[in-house]
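Asker: Protein chains in written order, with our numbering: chain H, 102 to 368; chain C, 102 to 368; chain X, 102 to 368; chain P, 102 to 368; chain D, 102 to 368; chain W, 102 to 368. Glycine residues also receive a C-beta, built at the ideal position from the N, C-alpha and C atoms.
There are 6 protein chains.
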Amino acid sequence: MSNAESYRVQQAPFYQPQGDEVAHYTAAYAARLPVMLKGPTGCGKSRFVEYMAWQLGKPLISVACNEDMTAADLVGRYLLDANGTRWQDGPLTLAARLGAICYLDEIVEARQDTLVVIHPLTDHRRTLPLDKKGEQVAAHPDFQLVISYNPGYQSLMKDLKQSTKQRFTAFQFDYPDAATEAGIVAREADIDPALAARLVEVAQAGRRLKGHGLDEGISTRLVVYAATLIRRGISEVDACRMAMVRPITDDADVVDTLDHAIAAVFG
Amino acid sequence: MSNAESYRVQQAPFYQPQGDEVAHYTAAYAARLPVMLKGPTGCGKSRFVEYMAWQLGKPLISVACNEDMTAADLVGRYLLDANGTRWQDGPLTLAARLGAICYLDEIVEARQDTLVVIHPLTDHRRTLPLDKKGEQVAAHPDFQLVISYNPGYQSLMKDLKQSTKQRFTAFQFDYPDAATEAGIVAREADIDPALAARLVEVAQAGRRLKGHGLDEGISTRLVVYAATLIRRGISEVDACRMAMVRPITDDADVVDTLDHAIAAVFG
Amino acid sequence: MSNAESYRVQQAPFYQPQGDEVAHYTAAYAARLPVMLKGPTGCGKSRFVEYMAWQLGKPLISVACNEDMTAADLVGRYLLDANGTRWQDGPLTLAARLGAICYLDEIVEARQDTLVVIHPLTDHRRTLPLDKKGEQVAAHPDFQLVISYNPGYQSLMKDLKQSTKQRFTAFQFDYPDAATEAGIVAREADIDPALAARLVEVAQAGRRLKGHGLDEGISTRLVVYAATLIRRGISEVDACRMAMVRPITDDADVVDTLDHAIAAVFG
Amino acid sequence: MSNAESYRVQQAPFYQPQGDEVAHYTAAYAARLPVMLKGPTGCGKSRFVEYMAWQLGKPLISVACNEDMTAADLVGRYLLDANGTRWQDGPLTLAARLGAICYLDEIVEARQDTLVVIHPLTDHRRTLPLDKKGEQVAAHPDFQLVISYNPGYQSLMKDLKQSTKQRFTAFQFDYPDAATEAGIVAREADIDPALAARLVEVAQAGRRLKGHGLDEGISTRLVVYAATLIRRGISEVDACRMAMVRPITDDADVVDTLDHAIAAVFG
Amino acid sequence: MSNAESYRVQQAPFYQPQGDEVAHYTAAYAARLPVMLKGPTGCGKSRFVEYMAWQLGKPLISVACNEDMTAADLVGRYLLDANGTRWQDGPLTLAARLGAICYLDEIVEARQDTLVVIHPLTDHRRTLPLDKKGEQVAAHPDFQLVISYNPGYQSLMKDLKQSTKQRFTAFQFDYPDAATEAGIVAREADIDPALAARLVEVAQAGRRLKGHGLDEGISTRLVVYAATLIRRGISEVDACRMAMVRPITDDADVVDTLDHAIAAVFG
Amino acid sequence: MSNAESYRVQQAPFYQPQGDEVAHYTAAYAARLPVMLKGPTGCGKSRFVEYMAWQLGKPLISVACNEDMTAADLVGRYLLDANGTRWQDGPLTLAARLGAICYLDEIVEARQDTLVVIHPLTDHRRTLPLDKKGEQVAAHPDFQLVISYNPGYQSLMKDLKQSTKQRFTAFQFDYPDAATEAGIVAREADIDPALAARLVEVAQAGRRLKGHGLDEGISTRLVVYAATLIRRGISEVDACRMAMVRPITDDADVVDTLDHAIAAVFG
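This is how it looks when you write it as structure tokens:
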């Protein structure tokens with residue numbers, strides 16, 4: 102089954118557990134329960150599913166959802182060929198056949214109604230009807246569905262329907278605590294742990310502005326960016342501004358407040 | 102008629118009757134009256150139709166409706182082939198030809214106007230005109246149409262038209278009573294009936310929040326999820342949180358209320 | 102002209118006249134005037150046009166209109182073939198060629214502007230230009246156009262334009278009087294006329310709620326459904342609820358009122 | 102030029118002039134000025150252009166405009182063929198090549214922006230660029246463009262742009278005076294002139310309701326319908342109701358008022 | 102390069118300069134600066150660009166923009182062929198290759214975002230990336246881009262973005278002064294200059310109503326129409342009404358005011 | 102790898118640094134961090150990325166984003182061929198394969214959700230999944246993603262999502278200071294530095310109107326246009342009006358204010 106191999110996670114991804122999530126996921130996977138990962142941007146949801154796929158030794162097929170994604174993008178479609186039409190499985194169908202973990206990232210972006218195609222895969226039926234092909238795919242025993250979503254984006258227009266939500270067990274993620282985060286930053290950017298801790302201080306100052314001028318906190322990823330720039334010779338203040346302030350806001354007042362926080366830490 | 106066989110329900114599905122619905126459905130089917138199943142998410146509508154198809158010995162063709170579903174998705178379309186175009190029946194046409202029960206799940210999701218294609222199948226004509234093919238399909242004597250819908254989702258934009266509604270007999274579903282539900286949970290997750298009863302207590306606490314912070318009650322499916330996680334070694338409190346709280350709400354107050362209910366039962 | 106034969110109404114449809122409509126229609130057809138049938142859901146408009154087609158011995162081509170119907174769905178289109186494209190007549194074109202009665206059901210559902218294609222068929226020209234094919238179809242002398250519409254659905258967004266309306270003679274339909282309706286129900290469901298009369302009583306109670314909680318009255322079709330279920334052994338009260346209440350409303354107050362009406366008649 | 106022949110008006114259409122419009126049109130055609138025909142539904146605009154085409158001996162190509170009409174529907178498109186794609190002229194291109202009068206009926210229905218394709222045909226250039234084909238069609242010296250529109254429908258969303266309007270000379274049409282209209286009705290339906298005069302009285306009563314419950318007056322076409330039904334044996338009152346009241350309004354008060362007008366004339 | 106020839110302006114167009122616009126355009130062309138022509142409907146913008154193309158001896162490719170125009174309509178697309186797909190340059194690409202002046206007429210009609218395709222052609226790059234073809238077209242040294250737009254149509258929905266506007270030098274056009282306009286009318290319609298002057302008087306009266314009941318002034322084109330009709334024997338009053346009043350307004354009060362102005366001049 | 106060559110910047114572009122941006126970019130590129138360039142229209146963002154690509158010796162693939170750009174336009178699609186379908190890489194895929202800098206210009210124009218396709222290229226995965234082809238493209242080690250956007254255009258409808266923003270380091274651009282800008286203008290248009298300085302004075306006067314009648318300041322590009330026209334013999338006042346006033350506003354008051362500023366400088 103060489104196809105499955107190509108979706109296997111090749112290297113152990115670095116993942117720093119924050120609680121019981123590894124044990125909980127292992128139990129959910131054992132029962133093949135569908136899983137929903139909730140949490141803010143850049144707190145490690147995608148990394149976690151990659152880590153679990155690697156630990157469970159299962160192939161992982163990820164799909165970044167978007168508003169224009171049709172059911173056919175998930176399920177498959179007929180392509181024109183020299184001999185007429187040829188069916189091509191979509192990533193969801195492929196995962197169901199191979200017994201992979203199928204990860205639908207940022208699922209609120211997808212049109213809710215497109216998502217009804219996952220319903221028969223997430224109840225006792227564990228089947229995927231390919232209406233256009235007239236085939237019913239019975240999911241491989243190893244298949245599991247995982248979705249991520251960021252409750253902060255939730256709006257009247259873009260929320261999952263209850264009939265979709267009530268098919269998942271949910272894991273709540275958040276930014277790691279300061280010590281854990283500094284450890285991650287130091288390791289990922291290969292910088293001094295003390296410097297990492299000061300960068301995390303800046304990030305935490307920024308996160309307190311969430312709901313007060315910022316839509317989202319500063320992600321761990323941006324802290325790693327700042328650390329990386331410092332390692333490449335950029336000054337600490339410039340690196341924080343480039344990586345942790347300028348990308349996330351255009352509001353002059355918020356920029357000022359954050360620049361002061363940087364000065365307070367590195368001034 | 103090997104095609105019909107592939108749509109036959111292979112095993113007796115587990116279904117716990119809640120009233121006279123089996124007798125009522127049997128009568129409606131005997132007269133081939135179209136049937137509408139009404140009720141909240143996860144209360145067993147899909148399971149019921151599967152059970153009836155099995156008991157009546159008829160093939161079942163299910164379609165999960167969605168907003169992007171066109172009439173062609175139900176009725177069929179021409180596909181390109183090496184020799185030009187080839188007609189492919191859609192699930193509704195297939196059901197009409199084979200004498201299957203055709204189950205249109207979550208019908209309010211479909212564009213109302215697409216649904217006019219079912220009209221000639223649900224009155225004295227019992228025919229399906231394939232306008233694009235220039236064919237009139239007379240429904241097989243065993244054909245019956247069943248739709249499900251959740252009145253809770255009903256809105257100005259998404260309601261069935263009276264001219265559609267007035268073609269169906271309706272069955273009202275709700276969550277089972279506590280004892281019945283505990284029996285279902287114990288059987289499905291293979292756990293102790295006393296534990297199942299306590300999980301149902303939590304679910305019922307949650308259902309009282311419907312309209313007071315929750316759009317929908319906690320479905321029996323989620324109770325079974327919690328029971329399954331407990332069986333896999335997750336603590337009762339964690340399992341309830343993962344399966345019955347986190348998936349259905351992002352509201353911190355509602356989460357708190359539900360966590361208290363869990364603590365009251367399992368604390 | 103075997104094609105026309107396949108659209109001929111095979112059996113005399115049961116139709117119970119309510120006034121002079123048969124004579125009036127016969128006159129309109131004699132002059133080939135276009136006809137508009139107005140009235141609420143399920144009051145017999147489709148049955149009437151079928152009856153008239155049978156009595157006049159003309160083929161009948163029916164089209165259930167919907168919002169996604171394009172002009173091409175009525176008029177025809179090119180299909181891909183082994184030898185390139187091939188024209189296929191739509192139902193309107195077919196009717197114009199064969200000399201059939203073309204019945205556009207629930208015409209307000211169609212996009213108004215799509216309907217301009219019927220204009221040249223409904224004035225002195227009696228032609229249908231197939232712009233895409235570069236052909237002008239002169240209507241067969243027997244061709245007639247009939248449309249139905251339900252004024253209750255009329256809204257700012259969905260009303261016929263005056264330039265369309267002013268091409269038709271109109272027939273106003275309504276529910277039959279009680280005695281006539283009871284006769285229809287008794288005959289269609291093969292039940293006792295006295296029982297039929299009591300079912301009609303329930304329906305009339307419901308119709309009085311139109312505009313006071315119900316968008317539409319209870320159609321004769323639903324009364325026949327209730328009668329049919331009773332004949333299959335369902336109790337009178339259950340049958341009335343399943344066929345005449347639950348399908349048409351989700352409003353608990355309206356359900357109560359109707360249940361009381363049922364109890365008053367059958368309690 | 103057999104193609105042009107197929108668009109030639111075969112018989113002298115009956116047209117009753119109401120003023121100098123024939124002389125004015127003849128002058129506009131002599132200079133090949135584009136012409137706009139304005140007026141209410143059913144007052145004879147289409148008949149007039151047919152009459153002029155017949156009198157001038159020019160082919161006439163009519164297009165009923167609608168909201169879904171694309172530029173390609175007017176100009177032409179590539180069709181798939183056994184040997185790849187083949188260009189097919191649209192009606193506007195065909196008219197420009199053949200030297201026909203091209204009549205765009207109910208032009209406000211078309212998307213305004215689609216209409217910019219007519220601009221180069223209506224100024225000193227008299228050319229039609231076929232961008233998709235890379236060809237510039239120089240209009241035949243006999244080509245003329247005529248459009249009709251009903252100012253009553255004019256709305257913010259649907260009005261011609263000034264840059265389109267300022268390419269036309271305009272003819273204002275209205276219902277004919279009573280004597281002329283009665284003459285038309287008597288001739289078209291072959292009825293007694295006195296009866297025709299009484300039917301016109303009813304129509305005029307209805308036209309006074311325009312803006313007071315009716316969007317449009319009763320067209321001459323509907324008066325002819327009523328006359329035709331009377332000739333087929335329908336009573337005068339029934340014929341007026343079927344042809345002049347029921348098709349144009351669903352408002353019970355307006356129906357009453359018009360029924361009284363009928364009773365006043367024929368009672 | 103016979104293709105370029107087919108786009109060359111064949112005859113010297115009649116153009117009456119109103120100021121320094123010819124010298125200014127010549128300078129802009131010498132530096133190949135993109136040009137924007139601003140001004141009301143029918144004031145001669147298209148004629149001017151044609152005149153300049155003729156004077157500079159460059160081919161001219163004009164595109165009438167519309168809301169449905171896609172980037173592919175400007176840039177080109179793959180067409181199906183007997184041997185698969187074949188690329189066909191759009192008018193913008195063709196102009197860039199041939200060294201033509203490309204004139205995008207009524208550019209506000211086009212979707213703003215479609216217009217970003219012109220950006221790389223209007224800065225120091227002077228290239229047109231054909232993303233779908235994987236080719237970068239370097240513009241011919243003679244290529245220049247010209248757009249026209251009418252500020253009067255400008256609305257929140259339809260305005261050019263600053264990032265588009267700031268790529269052009271702009272020329273402001275207006276109606277010519279009375280003497281110049283009378284000269285144009287007399288020459289174009291071959292009428293007496295005194296009569297032309299009186300027609301211009303009527304037009305100027307109408308232009309004073311702009312913003313007071315009229316969206317746009319009466320264009321010179323309509324004055325020429327009126328002159329042409331008079332030359333064909335229509336009375337002065339009738340010709341003014343047909344050409345300068347009826348086409349541009351449906352408002353009875355505005356019609357009255359304009360009819361009085363005509364009577365004042367020709368009465 | 103001749104394909105990469107064709108995307109290499111051929112000549113050293115003229116770029117006048119305004120601060121540390123060259124060093125900062127060099128550091129970001131060394132770590133292959135994604136880069137966001139922020140700033141107003143025409144302040145040199147595109148020129149900067151071109152300059153950096155040239156200095157780093159990497160190929161540059163630019164894409165002008167627009168609202169109609171689909172994920173397929175970035176990623177690639179199947180084309181029809183004589184032998185069926187053939188895959189064609191989009192610009193993003195091409196850049197990922199070749200190791201180019203991929204520059205997405207005016208990214209706010211693109212549909213946000215389309216942009217999720219860049220997510221897996223901008224985190225630790227550095228891969229691009231081609232779902233339709235069933236291929237995972239691992240980015241070349243030299244690949245880097247750069248986006249530009251203008252915060253001034255930011256609106257509720259068109260802003261980048263935080264989950265996109267938090268993948269970039271940001272560079273803030275603005276108009277250069279007066280001396281630098283005059284130097285650029287003098288060099289680009291080959292005019293006298295003193296004249297250039299006076300033109301910059303006019304531009305700065307205009308920029309003070311931003312938010313007071315102007316949506317955007319006058320870009321350096323327009324100052325260069327004015328200088329170019331003066332070099333071609335147009336008077337200073339006319340050149341300023343044509344290049345710096347008429348293109349950017351239709352508001353008579355703003356035009357007046359700017360014309361006074363021109364008179365103050367050149368009068």
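Are the C-beta atoms of W/MET153 and some chain H residue less than 8 Å apart?
Answerer: For the purposes of this step, residue 153 of chain W is identified with residue 52 of the sixth sequence, where counting begins at 1. Answer no: the Cβ-Cβ gap between W/MET153 and chain H never drops below 8 Å.
Asker: Which chain X residues sit within Cβ distance under 9 Å of P/GLY143?
Answerer: For this step, residue 143 of chain P is matched to residue 42 along the fourth sequence. Correct list: ASP224, GLN263, SER264, GLN267, ARG268.
Asker: Distance check for H/GLY314 and W/LEU257, CA to CA, integer angstroms please.
Answerer: Taking the first residue of the sixth sequence as position 1, residue 257 of chain W is located at position 156. Taking the first residue of the first sequence as position 1, residue 314 of chain H is located at position 213. Confidence at W/LEU257 is low in this model, with a pLDDT of 45, below 50, so the placement of that residue should be treated as unreliable; the coordinate-derived value is given next. Approximately 15 Å between the Cα atoms of the pair.
Asker: Taking the alpha-carbon of P/PRO118 as reference, which of P/THR281, P/ALA306, P/SER147 has the nearest alpha-carbon?
Answerer: Numbered from its first residue, the fourth sequence carries residue 118 of chain P at position 17. The residue with the shortest Cα to Cα distance from P/PRO118 is P/THR281.
Asker: So, helix, strand or coil for X/PRO252, using DSSP?
Answerer: Within the third sequence, residue 252 of chain X is the residue found at index 151, counting from 1. Reduced to three states, the DSSP call for X/PRO252 is helix.
Asker: I'd like to know if C/MET343 contacts chain A, where contact means its C-beta is closer than 8 Å to some C-beta of that chain.
Answerer: Chain labels in this structure do not include chain A; the protein chains are H, C, X, P, D and W.
Asker: Using DSSP's beta-bridge definition, name the partner residues of W/SER163.
Answerer: As a first step, residue 163 of chain W is located in the sixth sequence; it is residue number 62 there, counting from the start. Answer is W/TYR204, bridged to W/SER163.
Asker: Between the C-alpha atoms of C/ALA283 and C/GLU317, what's the straight-line distance to the nearest angstrom?
Answerer: By 1-based counting over the second sequence, the position of residue 283 of chain C is 182. By 1-based counting over the second sequence, the position of residue 317 of chain C is 216. So the two alpha carbons sit approximately 20 Å from each other.
Asker: Rounded to whole angstroms, what's the CA-CA distance from C/ARG308 to C/VAL110? Just pull it up for me.
Answerer: Indexing the second sequence from 1 puts residue 308 of chain C at position 207. Indexing the second sequence from 1 puts residue 110 of chain C at position 9. When rounded, the separation of the alpha-carbon atoms in C/ARG308 and C/VAL110 is 32 Å.
Asker: Looking at the C-beta of D/PRO252, does it have a partner C-beta in chain W at a distance below 8 Å?
Answerer: Position 151 of the fifth sequence holds residue 252 of chain D. True, the Cβ-Cβ gap to chain W drops below 8 Å.
Asker: Which term fits H/ALA295, buried or exposed, when burial requires 16 or more other beta carbons within 10 angstroms of its beta carbon?
Answerer: Position 194 of the first sequence, counted from the start, is the residue given in the question as residue 295 of chain H. Burial is judged here by how many other beta carbons sit within 10 angstroms of a residue's own beta carbon; H/ALA295 has fewer than 16 and is exposed.
Asker: Are the Cβ atoms of H/ARG198 and H/VAL238 separated by less than 8 Å?
Answerer: Within the first sequence, numbered from 1, the residue matching residue 198 of chain H stands at position 97. Within the first sequence, numbered from 1, the residue matching residue 238 of chain H stands at position 137. Taking 8 Å as the Cβ cut-off, H/ARG198 and H/VAL238 qualify as a contacting pair.
Asker: Classify P/PRO141: buried if its beta carbon has 16 or more other beta carbons within 10 angstroms, exposed otherwise.
Answerer: The residue labelled residue 141 of chain P in the question sits at position 40 within the fourth sequence. It counts as buried.
Asker: Using the rule of at least 16 other Cβ atoms within 10 Å of the residue's Cβ for burial, across every protein chain shown, is P/GLU151 buried or exposed?
Answerer: As a first step, residue 151 of chain P must be located in the fourth sequence, where it is residue number 50. The residue is buried, with at least 16 neighbouring Cβ atoms inside 10 Å.
Asker: Who pairs with C/LEU300 in a beta bridge, going by DSSP?
Answerer: Here residue 300 of chain C refers to the residue found at position 199 of the second sequence. Answer by DSSP bridge pairing: none, since C/LEU300 is not bridged.
Asker: Using a beta-carbon distance below 8 Å, is X/GLU106 in contact with chain P?
Answerer: Counting from 1 along the third sequence, the entry for residue 106 of chain X is found at position 5. No, no contact with chain P.
Asker: Are at least three pairs of beta-carbons, each pair with one atom in the stretch 356–367 of chain P and one in the stretch 331–344 of chain P, less than 8 Å apart?
Answerer: yes
Asker: Less than 8 Å between the CB atoms is what I'm expecting for H/VAL164 and H/VAL218, so what's the real figure, rounded?
Answerer: Indexing the first sequence from 1 puts residue 164 of chain H at position 63. Indexing the first sequence from 1 puts residue 218 of chain H at position 117. The Cβ separation is near 12 Å, so there is no contact.
Asker: So is W/GLN263 buried or exposed if we call it buried at 16+ other beta carbons inside 10 Å?
Answerer: Mapped onto the sixth sequence, residue 263 of chain W falls at position 162. Buried.
Asker: Would you mind telling me which residues of chain C sit closer than 8 Å to H/PRO221, beta carbon to beta carbon, in chain order?
Answerer: Mapped onto the first sequence, residue 221 of chain H falls at position 120. Simply SER163, ALA165.
Asker: Please confirm if H/ASP339 has its CB atom under 8 Å from at least one CB of chain W.
Answerer: Walking along the first sequence from the start, residue 339 of chain H turns up at place 238. Taking Cβ atoms only, chain W reaches closer than 8 Å to H/ASP339, which makes this a yes.
Asker: Residues of chain P with CB under 7 Å from D/ASP260, in chain order?
Answerer: Against the fifth sequence, residue 260 of chain D aligns to sequence position 159. Within 7 Å Cβ-Cβ: nothing; D/ASP260 doesn't reach chain P, min ~16 Å.
Asker: Counting pairs of Cβ atoms below 8 Å between the stretch 342–357 of chain P and the stretch 290–306 of chain W, do you hit three or more?
Answerer: no
Asker: Report the start-end ranges of each alpha helix (DSSP H) in the stretch 282–332 of chain C that is 4 residues or longer and not cut off at the edges.
Answerer: 294–308, 321–332
Asker: Grouping DSSP H, G and I as helix and E and B as strand, with all else coil, what is C/MET137?
Answerer: Within the second sequence, the letter at position 36 stands for residue 137 of chain C. Here C/MET137 sits in strand by DSSP.
Asker: Within 10 angstroms of the Cβ of H/PHE115, are there 16 or more other Cβ atoms? Answer buried if so, exposed if not.
Answerer: For the purposes of this step, residue 115 of chain H is taken as residue 14 along the first sequence, with counting starting at 1. Exposed is the call here.
Asker: Mind pulling the chain C residues with CB within less than 7 Å of H/TYR179?
Answerer: Within the first sequence, residue 179 of chain H is the residue found at index 78, counting from 1. Neighbours of H/TYR179 on chain C, chain order: LEU180.
Asker: Would you identify the three-state DSSP class for W/GLU236, choosing helix, strand or coil?
Answerer: What you label residue 236 of chain W is simply residue 135 of the sixth sequence in a count that begins at 1. In the structure shown, W/GLU236 sits in a strand (DSSP, three-state: E or B).
Asker: If we define contact as Cβ-Cβ less than 8 Å, is D/MET137 a contact residue for chain W?
Answerer: Indexing the fifth sequence from 1 puts residue 137 of chain D at position 36. Interface residue, yes.
Asker: Does any CB atom of chain C fall closer than 8 Å to the CB of X/GLY191?
Answerer: In the third sequence, the residue the question calls residue 191 of chain X occupies position 90. Answer yes: the Cβ-Cβ gap between X/GLY191 and chain C drops below 8 Å somewhere.
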